[in-house]
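According to my numbering, numbering within the sequence shown proceeds without interruption in unit steps and concludes at 20.
Data block below; observations after.
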Amino acid sequence: PVAMSIVQGRLIGLAHFTVGYILTYAAFLIASTASRFG
-17 PVAMSIVQGR LIGLAHFTVG YILTYAAFLI ASTASRFG
């Protein structure tokens, strides 16, 4: 059970990191596109 909780914690951390990275990348993409067309 302890090992599982550690793995679960790592997976959750990885998921949060991935979501944050994607959101940051999307925001950058939207900003560059808006500045290009604007």
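Heads up, the beta-carbon is just placed ideally off N, CA and C, and yes, glycines get one too.
Local conformation of residue i per DSSP, three classes
| i | result |
| --- | --- |
| Gly20 | coil |
CA-to-CA distance, residue j to residue i, given in whole angstroms
| i | j | result |
| --- | --- | --- |
| Val1 | Leu(-7) | 12 Å |
| Ser17 | Phe(-1) | 27 Å |
| Ser(-13) | Leu5 | 27 Å |
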